[in-house]
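Okay, so the sequence shown: first residue is 84 according to my numbering, each after it adds one.
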Amino acid sequence: MALTKLLFNPGINKESTDLMDKGGWADGNLIRFRKGLPEKIGGWDKTTTEDYEGTGRALTAWVALDATKYLGLGTTFKYYVTTGDILNDITPIRSTDLNVTTFAATNGSAVITATDTAHGAVIDDFVTISNAVSLGGLITATVLNTEHQITAVPSANTYTFTASATANGSDTGNGGSATDAAYQINVGLDVYVESTGWGAGLFGAGSWGSATALSATDQLRLWSHDAFGEDLIINPRAGGIYYWDESSGLTTRAVDITTLTGANLSPTKGLQTIVSDIDRHVIVLGADPIVGSARTGAIDPLLIAFSDQESVTEWEPTSTNTAGSLRLSSGSQIVAGLRSRQETLIWTDTALYSMQFVGAPFTFGVNLINENVGLISPNGAINAPDSVYWMARDGFYTYNGSVQRLSCSVLNYVLDDFNSNQSFKVTAFTNREFNEVGWFYPSSSSLEIDRYVAYNYLEKVWSIGELSRTAWLDDGIFEKPRATGKDSSVNYIYTHESSDDDDGSPMDNVFIESGDIDIDDGERFGFVRKIIPDVKFFGSNSSAGQINFVLKTRNFPGDSLTTNSTNNVTSSTKQNYVRARSRQIVFRAQSDDDADTEARTGFTWRLGANRFEIRPDGKR
């Protein structure tokens, strides 16, 4: 029989039935499409050997005047800055209590109870103890005088932490009268909780039009951050705005902008902070307003405040500066802002605005671009070389002068398997090397991000996969993309597209699977006798690479698929003889998860035009 060359349409299509997807790909994992052909995605390696506290939620990079490259990382617990392998904790200090903290230990326990009136701490907060003396036994001064994570808060005046040693019967002291306690800013939640944040509380609470207090502590901890020259501005969502001075060194912490020399009416809180590109204003979205001669301390979720040009400290609007504020009218809160080409795009929960520098006397102007289009999360929008892309609750959108909805061949699959209760965790990403934009999201059975959907904006095709990456930074300042994730429950920063593997180990469950193939619209059975593979292996270990070709069969669309044959394919495989007979046949290419490690690492594979010897074989 003549050979049949099987070429499938690029992209994953889950919008049609498997039978209607004849000639297309119906499923896949860790696969991208390049020039119409499916291939295994690039692998990743740990960027740092040091783990970090909390779940990574934000990454940024910038360059100092001396050409030092910095990487900033915001987590649910802390904020770090690194220039290499070591993570430096620059988390701001909320308060320092001097000469007031005492301790109590229990024989046989490592749990220490600290007493500090009105400490303001919550569970998981970090406190650094100094100047304490030994409790008399194994709880020495060295054990006490370090950073601790708070494990419980029994009252407003006490909390507990677990020491690095277990107390004995001699630990009867209280740590002395000169103990200091430096408290880092309160941590946020690692999960999104319904009815927190704006609009929480009973209907009718407070006076009409008054703001409901937004707290950074009782909602999912997300960060915004932006470089101001060679320095860094960071802002936990609904929390304070902090400034890190690069010249002070990596051992210093960020400080509240209200404490900077010359600070005048600086916002005390904000939902997001951005530095405008050309005109160099610090912009706070969802700032607390000025009433009289002071900030209120309560966020107005539609208010935009901006500093004087080239200033972090001057926020009082006068006739001689460009500081000021404006308020959006559509929606109930600002979800996010994104600095784009000669404008800053701002999404509320119901609309998209364009904010542009217009000069004196107004400084900035805003235009309503589209009403009835929202943003699913504060990190759900991103710049790509051709357009801005974002995810809304009903699908994916793009903006390049006008708003357009993307046609998506996997939309229902994503929305049906999506944990909408954790939608604030959705994180957009770009991978410019491969013309991709995409979103990491939590599936319906997960509280944390575990899947992604990607769109090749040049070839206009979609792909899907399982991968847990909670923050992403594309190449640019750094040669390869960076991302945050876990390895055996330990948090790391990863460099992507740096290898062919999962940090030196095989990438599991890499596959691409076709829709149903039939003959004469299923009128007759098809019999597959032989496959001549067309697979390209490339990478450092390409000569040892191997994958599997799998044939699955069923006679009717409602039947379950039955695996008929699995055949090993290497770079030297000329042909595989098979015996598969069915009305409908599914072709699957997958990494050989049963092979030895050498045959699973150090290579990537790409499918070409595989040829099948397939013939009609009766009607029964």
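A virtual CB, placed ideally from N, CA and C, is assigned to each residue, including glycine.
- Linking V205 to A265 through their CA atoms gives a straight-line distance of about 14 Å.
- For the 8 Å CB-CB criterion, I576 and T513 do not form a contact.
- Distances from the CA of I630 to each of A663, N647, D679, G587 were compared; the closest alpha carbon is that of D679.
- In the structure shown, I173 adopts coil according to DSSP, grouped into three states.
- Runs of beta strand (DSSP E) with 3 or more residues, each lying fully within the stretch 415–457, are found at 417–423, 426–431, 434–442, 446–454, listed in chain order.
- Within its own chain, the residues whose Cβ lies closer than 8 Å to the Cβ of A337, once the five positions on either side in sequence are excluded, are Y162, I173, T174, P175, L315, I317, Y325, Y326, W327, listed in chain order.
- The beta carbon of P400 is closer than 6 Å to those of A406, G407 in its chain, skipping five residues each way along the sequence.
- Assigned with DSSP and collapsed to three states, T165 falls in strand.
- Pairing G219 with V210, the inter-Cα distance amounts to about 22 Å.
- Where D499 is concerned, the enclosing alpha helix (DSSP H) starts and stops at 494–499.
- The alpha-carbon separation between H364 and Q439 amounts to approximately 12 Å.
- When DSSP reads this structure, N651 sits in a beta bridge with N631.
- Note on geometry: alpha-carbon atoms of P444 and L385 lie some 21 Å from one another.
- The Cβ atoms of R476 and I452 lie no closer than 8 Å to each other.
- Annotation: A537 is outside any alpha helix (DSSP H); the continuous beta strand (DSSP E) that includes it extends over 534–539.
- Taking the Cβ atoms as the reference, T165 lies roughly 5 Å from L154, within the contact range of under 8 Å.
- The alpha-carbon of Y275 is positioned some 44 Å away from that of S253.
- Among the bridge pairs identified by DSSP, I268 is matched with none.
- Around the beta carbon of Y538, 16 or more other beta carbons sit within 10 angstroms, so the residue counts as buried.
- If you look at L154, you'll find it in the beta strand (DSSP E) that goes 152–158.
- In chain order, L428, A464 place their CB closer than 6 Å to the CB of L421, counting only its own chain and leaving out the 5 sequence neighbours on each side.
- In the DSSP annotation of this structure, the continuous segment of the beta strand (DSSP E) that includes L386 starts and ends at 386–389.
- Contact annotation, D599 with G609: C-beta distance approximately 11 Å; criterion of less than 8 Å not satisfied.
- Between K152 and F594, the gap from beta carbon to beta carbon reaches 8 Å or more.
- Taking Q232 as the centre and dropping the five residues before and after it, the same chain places the C-beta of D207, F209, F244 closer than 7 Å to its C-beta, in chain order.
- Its Cα nearest to that of T255, the residue T189 stands out among N214, T189, V270, L303.
- Under DSSP, D263 shares a beta bridge with S213.
- For S526, the three-state secondary structure derived from DSSP is coil.
- Between N455 and T433, the CB-CB gap stays under 8 Å.
- For F507, the three-state secondary structure derived from DSSP is helix.
- DSSP places A224 in the uninterrupted alpha helix (DSSP H) bounded by 224–227.
- When the five nearest sequence neighbours on each side are left out, the beta carbons in the same chain lying within less than 7 Å of the beta carbon of P468 are those of R515, in order along the chain.
- In the structure shown, F512 adopts extended strand secondary structure according to DSSP, grouped into three states.
- For L556, the uninterrupted beta strand (DSSP E) run begins and ends at 554–556, by DSSP.
- CA-CA distance, T223 to D128, rounds to 40 Å.
- At the C-beta level, G691 and K619 come within 8 Å of one another.
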